[in-house]
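Accompanying notes for the structure given below.
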Amino acid sequence: MLKILVSNSVKGVARGLLRGALSGALCVLAGCASVIRAPVSLPVDAAQSWVQGGDSAAVASPWLGQFASTTLEGLVSQGLADNFALRQHRALVRERRHGVTVAGAALWPTLSAGLRSTRRRTVAGAQTNIGIATTATNTIDAFVASANLSWQIDLWGELRASQRAANLAFAAELADYVSAEQSLAANVASRYFAAIEAAQLEALFAARLQSVQESADIVQSGYRSGLNGALDVYLAQNTVDQERGNLAAAQQSTIEARAALELLLADYPAGRQATPSILPVLTTPVPVDLPVALLSRRPDLQSSWLNLLATDAQLAVAHRQRFPSFSITASLSDTQAPFNELLGGGPLAWSLLNDITQPLFQGGRLRSLERQARERVEQAEAVWLDTLFAAFAEVENSISQERALQEQLQAAQRAQSNADGALELALEQYQSGLVAYTTVLESQRRAFDAQTSSVRLAAAQLQNRIQLNRALGGAFDAEEDQRIAALFDELDGRAPRQNSRAAILQQVQGEQKLGGEILP
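Each residue of the sequence shown is one higher than the last, beginning at 68 in this note's numbering.
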């Protein structure tokens, strides 16, 4: 049973979300096996605001615009059109849609027609002293045309429950597809910025190699002039070789990062995808809305809840299989010897059979099937709650990380400024003979580390912003509803009445007679 205690402020929202879906789970009989008794809601601590803070204004949508990159938006559009995994998911949605038709067909009578022909030969003979003598043969052709009608009467609602389960599974798959689109957009953005980060680090390592090479040239010149010893030359050259190796590694990282992006775009992973050389700078915070809004906004939560309802409907099916079944079978046939006289107005044979079947003893099979279905409901409930709390954790962690990364980046930028000044001073003092070359090397190391840290923290901030937007469940562009409407049009052969994701899911359940709303 679902026994989550909630505050009054949350109950209304959660009940509005689940009211229609739960109404379809009510029993035809008092003995219905459904275990869904109360709406799942938010824990009391998360009813009013996020623990980690954040702006409680409505979530900004579409969120790709936060990065002000038409290149990124174009890459996301390419991924939505060409990505292989998303194409596979679209086929899965179409498959599940046909499952709805299959489940609904069981509610209707089935009608079939048949045509059978037979040929029979008889031989007439007489007994003689030497055996049987054939006197005549006769060949008879017969043709039978028949029509058969059968109908299982859904008195207990077993077939309707099965159809409801198929509809809910289809609606869940549609929500999964929306979630897959959002994940693809987030992954494209993530790998796009990862490729920019790799390219920026490559440029940084190239500049570092040039800098240490210039320092090594100064040391070499001083050695030839007798101003410093051979140790400084060895140390300087060692640093040059290290940075040359670091640059080679950075170049390979750039190729791999670009190839990873190309894979998402269904391009050949050659590592040639063009990207900017500098990461963008985030200047505005992200509004995060209230925790309760996740229920109606995140498609993975919607899918998890719909799957729970579908599993509950399957439990109702398993329960009602223990009741008597009623069916009607009718047949009509015409038998004629010449084929051209079939259905020519002669006498027809017909039959009508009413069948009532009550399972009496099956070794406990039906009872165990129902208990298995009940356990699957318990599993689906746990999956729903786990998905819900994981969603809370994603948002809470991203909000906290947003603040922490901003502070780290500001500190790293100050450290970089100080390290750059210290390196410049160390080089001047070394050339004046005031400090050893090891001081220059240590200053170089600190400056290089600070530069690298600044780039990586800026990239981490962008990655966390992507994760936060993804966790909040907002649309990444303004065309999401139109794409889902086009997919529904492809499935159903006509455009839906409305273009919003929630309206489409409502239309799915409404046309299949689920009753009520699936989503708010």
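For every residue, glycine included, the Cβ atom is placed at its ideal position computed from N, Cα and C.
Beta-carbon gap between L375 and A440 smaller than 8 Å: Within the sequence shown, the letter at position 308 stands for residue 375. Within the sequence shown, the letter at position 373 stands for residue 440. No, the Cβ-Cβ distance between L375 and A440 is not below 8 Å.
Please check the pair L46 and A527, which I expect to be a contact at CB under 8 Å, by giving their CB distance rounded to whole angstroms. Residue 46 lies beyond the stretch modelled for the chain, which goes from 68 to 587, so this question has no answer here.
Just the C-alpha distance for A261 and A341, rounded to the nearest angstrom, thanks. Start at 1 with the first residue of the sequence shown, and residue 261 comes out as number 194. Start at 1 with the first residue of the sequence shown, and residue 341 comes out as number 274. So the two alpha carbons sit approximately 13 Å from each other.
Given W372 as reference, the closest of E546, V444 and T519 once Cα atoms are compared: Residue mapping note: residue 372 aligns to position 305 of the sequence shown, counting from 1. Cα-wise, what sits closest to W372 is V444.
Contact set for A416: own chain, Cβ-Cβ below 6 Å, skip 5 residues either direction: Reading the sequence shown from its first residue, position 349 is the one you call residue 416. Listed in chain order, the non-local C-beta contacts of A416 below 6 Å within the same chain comprise S400, local neighbours out to five positions each way being set aside.
Buried or exposed for T138, please, with buried defined as at least 16 other CB atoms from any protein chain shown within 10 angstroms of its CB. Counted from its first residue, the sequence shown places residue 138 at position 71. It is exposed - the Cβ of T138 has fewer than 16 other Cβ atoms within 10 Å.
If the criterion is Cβ atoms closer than 8 Å, does the pair R387 and W223 meet it? Taking the sequence shown and counting its residues from 1, the one referred to as residue 387 is at position 320. Taking the sequence shown and counting its residues from 1, the one referred to as residue 223 is at position 156. Yes.
If you draw a straight line from the C-alpha of L436 to the C-alpha of W451, how long is it? For the purposes of this step, residue 436 is taken as the residue at position 369 of the sequence shown. For the purposes of this step, residue 451 is taken as the residue at position 384 of the sequence shown. Distance between the alpha carbons of L436 and W451: 23 Å.
Run through the DSSP bridge pairs and tell me what S257 is partnered with. Residue numbering aside, residue 257 sits at position 190 when the sequence shown is read from its first letter. Answer is none; S257 lacks a bridge partner.
So, for S394: in the same chain, excluding its five sequence neighbours on each side, which residues have a beta-carbon less than 7 Å away from its beta-carbon? In the sequence shown, counting from the first residue as 1, residue 394 sits at position 327. S217, W218, Q219, I220 and D422.
Which one of V279, A377 and E557 has the shortest CA to CA distance from A514? For the purposes of this step, residue 514 is taken as the residue at position 447 of the sequence shown. Looking at the Cα atoms, V279 is the closest of the given residues.
Alpha helix (DSSP H) runs wholly inside the segment 493-574, at least 4 long, in chain order: Those alpha helix (DSSP H) runs which fall completely within the segment 493-574 and span 4+ residues are 504-539 and 547-559.
Assuming A61 contacts A479 (C-beta within less than 8 Å), just tell me the rounded distance between them. Because the chain here runs from 68 to 587, residue 61 falls outside it and cannot be looked at.
Contact check, F459 vs A333 under 8 Å by CB: the rounded distance? For this step, residue 459 is matched to residue 392 along the sequence shown. For this step, residue 333 is matched to residue 266 along the sequence shown. No, F459 and A333 are not in contact; Cβ-Cβ is about 34 Å, not under 8 Å.
Would you check if the segment 493-508 and the segment 289-304 touch, i.e. whether three or more CB-CB distances between them fall below 8 Å? The segment 289-304 vs the segment 493-508: in contact.
To which residues of the same chain is Q475 closer than 7 Å at the C-beta, ignoring the five residues directly before and after it? In the sequence shown, the residue the question calls residue 475 occupies position 408. Cβ within range, chain order: L524.
According to DSSP, is A416 helix, strand or coil? Reading the sequence shown from its first residue, position 349 is the one you call residue 416. Collapsing the DSSP output to three states places A416 in a strand.
Is the segment 244-255 in contact with the segment 308-323, if contact means three or more CB pairs nearer than 8 Å? Touching, no.
Would you identify the three-state DSSP class for Q219, choosing helix, strand or coil? Position 152 of the sequence shown, counted from the first residue, corresponds to residue 219. When DSSP states are grouped into helix, strand and coil, Q219 belongs to the strand group.
How many Å lie between V348 and T519 at the Cα? Taking the first residue of the sequence shown as 1, we reach residue 348 at position 281. Taking the first residue of the sequence shown as 1, we reach residue 519 at position 452. So the alpha carbons of these two residues sit roughly 16 Å apart.
What did DSSP end up calling G146 once you bin it into helix, strand or coil? The count along the sequence shown starts at 1 and reaches residue 146 at position 79. Here G146 sits in helix by DSSP.
For P106 and P366, I'd like the C-alpha separation in whole angstroms. One-based indexing of the sequence shown puts residue 106 at position 39. One-based indexing of the sequence shown puts residue 366 at position 299. In this predicted model, P106 has a pLDDT of only 43, less than 50, meaning its place in the structure is not dependable enough to derive any value.
If we call anything under 8 Å between Cβ atoms a contact, is A489 one with V502? Within the sequence shown, the letter at position 422 stands for residue 489. Within the sequence shown, the letter at position 435 stands for residue 502. Taking 8 Å as the Cβ cut-off, A489 and V502 do not qualify as a contacting pair.
Cα-Cα separation, Q511 to R291: As a position in the sequence shown, residue 511 is number 444, starting the count at 1. As a position in the sequence shown, residue 291 is number 224, starting the count at 1. Using only the alpha carbons, I get a separation of about 23 Å.
Using 8 Å as the threshold, is the C-beta distance between Q468 and S257 below it? Numbered from 1 along the sequence shown, position 401 holds the residue referred to as residue 468. Numbered from 1 along the sequence shown, position 190 holds the residue referred to as residue 257. Cβ atoms of Q468 and S257: not closer than 8 Å.
Got a sec? Which residues, its chain only, sit under 8 Å from V307 by beta carbon, not counting five neighbours each side? Sequence index remark: in the sequence shown, residue 307 carries index 240 (1-based). Taken in chain order, the residues that qualify are L276, V279, Q280 and A283.
For I345, which residues from the same chain have a beta carbon less than 8 Å from its beta carbon, with the 5 sequence-adjacent residues on both sides left out? The residue you call residue 345 lines up with position 278 of the sequence shown. Excluding five sequence positions before and after I345, the CB atoms of its chain that fall closer than 8 Å to its own CB belong to I263 and Q267, given in chain order.
Distance between T424 and V95 (C-alpha atoms, nearest Å): As a working note, residue 95 is residue 28 in the sequence shown. As a working note, residue 424 is residue 357 in the sequence shown. Confidence is the limiting factor: at V95 the pLDDT is only 29, short of 50, which leaves the residue's position unreliable, though a coordinate-based value still follows. Computed Cα separation, rounded: 19 Å.
Taking F456 as the reference, which of T402, A486, L362 and R470 has the closest Cα? By one-based count along the sequence shown, residue 456 stands at place 389. The residue from T402, A486, L362 and R470 with its alpha-carbon nearest to that of F456 is L362.
Check this for me: beta carbons of V355 and I466, under 8 Å apart or not? Taking the first residue of the sequence shown as 1, we reach residue 355 at position 288. Taking the first residue of the sequence shown as 1, we reach residue 466 at position 399. Against a cut-off of 8 Å, the Cβ pair of I466 and V355 comes out as a contact.
Rounded straight-line distance, which links the Cα of H165 to that of E310: Position 243 of the sequence shown, counted from the first residue, corresponds to residue 310. Position 98 of the sequence shown, counted from the first residue, corresponds to residue 165. Between E310 and H165, the C-alpha separation is close to 60 Å.
Should G98 be labelled buried (16 or more other beta-carbon atoms within 10 Å of its own) or exposed? Here residue 98 refers to the residue found at position 31 of the sequence shown. With a pLDDT of 40 at G98, under the threshold of 50, the modelled position of this residue cannot be trusted; read the value that follows with caution. Counting Cβ neighbours within 10 Å, G98 comes out exposed, since fewer than 16 surround it.
Taking the Cβ atom as the reference point for each residue, do R157 and Y244 lie within a distance shorter than 8 Å? The sequence position of residue 157 within the sequence shown is 90, counting from 1. The sequence position of residue 244 within the sequence shown is 177, counting from 1. Going by C-beta atoms, R157 is nearer than 8 Å to Y244.
Label S229 either buried or exposed according to how many other C-beta atoms from any shown protein chain fall within 10 Å of its C-beta, with 16 as the threshold for buried. For this step, residue 229 is matched to residue 162 along the sequence shown. Counting Cβ neighbours within 10 Å, S229 comes out buried, since at least 16 surround it.
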